[in-house]
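112 is the number of the first residue of the sequence shown in my numbering; add one for each residue after it.
Ideal Cβ placement from N, Cα and C applies to all residues, glycine included.
What follows is a single structure, written as structure tokens, with notes after it.
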Amino acid sequence: MLLNLRLQSAVLALACALPAAAQDSFYLRNGDRVVFYGDSITDQRLYTTFVETFVVTRFPERNISFVHSGWGGDRVGGGGGGPIDVRLQRDVLAYKPTVVTIMLGMNDGGFRAHDASLFEKYSAGFTHIVQQLRKELPEIRITAIRPSPFDEVTRGAIKGGGYNPVLVRYGDFVQLLAGKEKFDVADFNAPVVRMLEKAKAENSALAQKIIPDRVHPAASGHLIMASALLRAWNAPSLVSAVEIDAAAKTVTHATYADVSDFKAAEDLSWTQLDSALPMPMDLKDEATSLALRATDFVAALNRQQLKITGLAEGQWTLRIDGQEVANFSQRHWAEGVNLAMLPTPMAKQAAWVHALTLKHNDIHYARWRSVQTPLEQDKLETTAAAMQALDALEAEIVARQRATAKPVPHQFDIVRAGVSRSK
């Protein structure tokens with residue numbers, strides 16, 4: 112008997128330790144500052160803001176900040192924002208980042224078949240960026256990104272053998288350089304190509320909307336790219352998981368969730384406080400829904416599980432804070448339901464967080480692109496004050512974003528579908 116109790120205790124301790132270990136293995140640490148560096152695809156501020164919102168909602172207790180420094184048209188040598196060393200000093204190093212992502216290559220290949228001279232410029236230029244960052248900030252952690260695809264899946268390849276194979280070759284160089292210079296790599300090409308192939312097989316016309324101009328993905332494509340970066344950073348899949356045995360009238364399991372005031376009579380009710388929020392996803396956008404069906408994004412990154420066994424046969428309704436959220440059979444509840452796919456109060460809260468993510472990035476963009484960069488040679492007396500005011504405004508929005516990301520308790524009820532009972 113004593114042995115069995117010890118075994119049960121060991122199993123429970125292991126079950127609790129495994130999720131905690133998954134959280135601890137995440138690449139970003141408390142106090143990190145991340146700078147996203149790249150060309151127009153980074154300048155869209157979509158995969159970057161998706162990543163930021165994921166981190167803020169999944170790790171609300173960690174203080175991790177983000178700066179978005181993409182500039183349309185950039186190559187490894189720089190571009191419209193200045194030559195590369197100017198860009199690195201002003202738009203990366205000035206923020207003293209602990210983590211930098213680098214996504215370049217789409218423009219460097221010239222949108223034509225492989226050109227050896229262009230490849231040589233890319234390889235030398237990318238190497239210079241890595242070495243310059245390491246020279247200025249020796250402890251910096253770099254994640255280089257293999258270039259996202261030029262869409263030759265939903266449309267035909269360009270003449271000369273296609274352009275995406277050129278980008279794949281550039282990505283292969285980045286992977287090779289990572290082995291020499293000891294930095295990390297995320298692949299934005301292969302996962303997106305696989306998704307496009309599956310999406311095209313399901314709905315070829317809609318699949319073309321994922322990367323409308325073959326270069327710049329819509330939000331649907333950026334969500335999958337964000338997934339690739341988060342996976343490279345060992346992001347956890349689980350938001351929370353709760354299991355209830357209705358027949359035994361007990362909560363049998365809770366991970367990343369505090370369950371209290373559990374009551375079981377004709378219905379079930381409890382108060383639940385999760386440790387994190389789900390990743391907000393615009394499921395009303397058809398292209399996003401298609402992209403999600405063509406990948407394992409949800410299973411890999413967005414599981415908020417509720418499993419209820421032992422319910423009597425029939426349909427059962429989930430209400431959260433008095434609002435009906437879902438209606439499933441007892442068999443469906445016994446298999447488990449992913450709340451992250453439902454219009455819950457937690458999903459709405461996460462959407463508010465993402466709205467604040469976009470707002471603070473818009474303020475930073477205005478400060479950087481409308482004040483700092485165009486006026487830096489004019490030596491105006493009020494430029495510094497204007498930037499400070501915008502920095503203060505952004506900081507206020509970020510503070511609200513972080514406060515909004517903190518989970519709050521919710522009242523859960525499972526009741527017979529179609530039955531109204533007074534409380």
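In the structure shown, what three-state DSSP assignment does Pro323 receive? coil
Between the beta-carbon of His225 and the beta-carbon of His475, is there less than 9 Å? no
What separation, rounded to the nearest whole angstrom, lies between the Cα atoms of Ile175 and Arg527? 43 Å
For Phe177, collect the residues of the same chain with a Cβ closer than 6 Å to its Cβ; drop the 5 residues on either side in sequence, then sort them by chain order. Val145 and Glu163
By how many angstroms is the C-alpha of Phe294 removed from the C-alpha of Ala343? 12 Å
Could you give the distance in angstroms between the alpha-carbon of Ala121 and the alpha-carbon of Arg156? Low per-residue confidence applies at Ala121: pLDDT is 40, beneath 50, and the placement is therefore not dependable enough to give any value.
Identify which residue in Asn300, Asp396 and Phe165 has its Cα closest to the Cα of Asp262. Asn300
Opposite Ile175 in the DSSP bridges: which residues? Answer is none; Ile175 lacks a bridge partner.
Is the beta carbon of Phe230 sitting closer than 9 Å to the one on Thr382? no
Inspect the beta-carbon positions of Phe222 and Phe284 and report whether they are closer than 9 Å. no
Do Arg325 and Arg266 have their C-beta atoms within less than 9 Å of each other? yes
Tyr206 - DSSP class collapsed to helix/strand/coil: helix
What does Leu379 pair with, by DSSP beta-bridge criteria? Ala375 and Ile525
For Gln512, is the classification buried or exposed, using 16 other Cβ atoms within 10 angstroms of its Cβ as the cut-off for buried? buried
Quick one: measure Cβ to Cβ for Gly220 and Val277, integer angstroms, because I've assumed they're closer than 8 Å. 4 Å
Which stretch, first to last residue, makes up the beta strand (DSSP E) that contains Thr366? Thr361 to Thr366
Hey, is Ile419's beta-carbon within less than 9 Å of any beta-carbon in chain C? Among the chains in the structure shown there is no chain C, since it carries only a single protein chain.
Euclidean distance between Cα positions of Leu453 and Ala346: 22 Å
If you drop the 5 nearest sequence neighbours on each side, which residues of the same chain put their C-beta closer than 6 Å to that of Thr363? Glu354 and Asp356
Continuous alpha helix (DSSP H) stretch holding Glu507: start and end: Thr494 to Thr515
Using a 10 Å radius around the Cβ and a threshold of 16 neighbouring Cβ atoms, would you call Asp135 buried or exposed? exposed
Assign Glu308 to one of two classes, buried (16 or more other C-beta atoms within 10 Å of its C-beta) or exposed (fewer than that). exposed
Asn438 (DSSP reduced to helix, strand or coil): strand
What residue range is occupied by the uninterrupted beta strand (DSSP E) comprising Gly332? Element bounds for Gly332: not the beta strand (DSSP E) but the alpha helix (DSSP H), Ala330 to Ala343.
Once the 5 residues before and after Gln375 are set aside, which same chain residues still bring their CB inside 7 Å of it? The amino acid at residue 375 is misidentified as Gln; the sequence shows Ala. Counting only Cβ-Cβ distances below 7 Å, and skipping sequence neighbours, we find Ala357 and Lys360.
Under a Cβ-count criterion, where at least 16 other Cβ atoms within 10 Å of its own Cβ denotes burial, should Arg565 be classed as buried or exposed? Here the chain comprises residues numbered 112 to 534, so residue 565 is not present and cannot be evaluated.
What does DSSP give as the partner residue(s) for Arg430 in the beta ladder? Glu435 and Asp524
Using only the alpha-carbon positions, how far apart do Pro391 and Ala458 sit? 6 Å
How is Pro518 classed by DSSP in three states: helix, strand or coil? coil
Where the beta strand (DSSP E) containing Thr420 begins and where it ends: Arg414 to Thr420
What do you reckon, are the CB atoms on Leu450 and Val436 nearer than 9 Å? yes
Given Cys127, which residues of its chain have a CB within under 8 Å of its CB, disregarding the five upstream and five downstream residues? Unreliable placement is indicated for Cys127, whose pLDDT of 45 sits below 50; the coordinate value is still reported in the next sentence. Result list for Cys127: Thr366, in chain order.
By Cβ distance below 8 Å, which residues in the same chain neighbour Ile213 in space, the five residues on each side in sequence not counted? Tyr148, Gly149, Phe237, Ile240, Val241, Ile253, Thr254, Ala255 and Ile256
Considering Cα atoms alone, identify which of Gln441, Glu505 and Glu446 is closest to Lys470. Glu505
At a cut-off of 8 Å, would you count Glu507 as near the ligand COA, judging by its Cβ distance to the nearest heavy atom? The ligand COA is absent from the structure shown, which contains no ligands of any kind.
Just list the alpha helix (DSSP H) runs in the region 221–286, keeping only unbroken ones of 4 residues or longer that don't cross its boundaries, in chain order. 227–247
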